[in-house]
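Presented below is the structure to which this report refers.
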Amino acid sequence: MHYVSAEGLSKSYGIQPLFQNIQFNLEEGDKIALVARNGVGKSTLLRILMGQESPDHGKLWIHKDVQVALLEQDPVFEEEKTILENIFHDAHPVIQTIKSYEAALDAGDETGIADALVKMDADSAWDFEAKVRQILARLNIHHLTSPVKDLSGG
1239 MHYVSAEGLS KSYGIQPLFQ NIQFNLEEGD KIALVARNGV GKSTLLRILM GQESPDHGKL
1299 WIHKDVQVAL LEQDPVFEEE KTILENIFHD AHPVIQTIKS YEAALDAGDE TGIADALVKM
1359 DADSAWDFEA KVRQILARLN IHHLTSPVKD LSGG
């Protein structure tokens, strides 16, 4: 079963084509690398996969159970905030799901609660914080309440 399929993807800016007629399928367990010179559309292709941009031509299909995420090359951190505050920021989609669930609970909105429960399950949001803490521990990142500005990059 394909988790992600692209057929005939093309993208241009003005008259300059970045890429044309890209086709691929990604299956469970696939590991891929995008290797090309600068300026040929690697980041643009990733933004298309994320839904942040649209291709000029072609079709993209992402299985309903697949969530596409992108780790930026140069992440932006709010230096005054802690590691956890930077991770659990309001714009994070899972945090938005959790906040919607909490708001529905606070409002006593039964329909909103039912919808939020489905979204919490779909986003695997129930143990999100525990998963994040586990990943950080495995990466040997322990100063979770220290401001980012106080941490060493080396």
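If you count the sequence shown from 1, position 131 lands on 1369 in our numbering, and the numbers rise without skipping. In this text, a Cβ means the ideal position worked out from N, Cα and C, and glycines have one as well.
The C-alpha of residue 1345 is placed about 39 Å away from the C-alpha of residue 1388. Across the set 1381, 1256, 1263 and 1360, the C-alpha of 1263 shows the shortest separation from the C-alpha of residue 1245. Classified as exposed, residue 1269 has fewer than 16 neighbouring CB atoms from the shown chains inside 10 Å of its CB.
Relative to the Cα of residue 1285, the nearest Cα in the group 1338, 1311, 1333 and 1367 belongs to 1311.
About 5 Å separates the beta carbon of residue 1241 from that of residue 1304, a gap short enough to meet the 8 Å contact definition. Between residue 1350 and residue 1342, the C-beta spacing is below 7 Å. Under the criterion of beta carbons closer than 8 Å, residue 1257 and residue 1279 qualify as touching, at roughly 4 Å. Separation of residue 1296 and residue 1282 (C-alpha to C-alpha, rounded to the nearest whole angstrom) is 14 Å.
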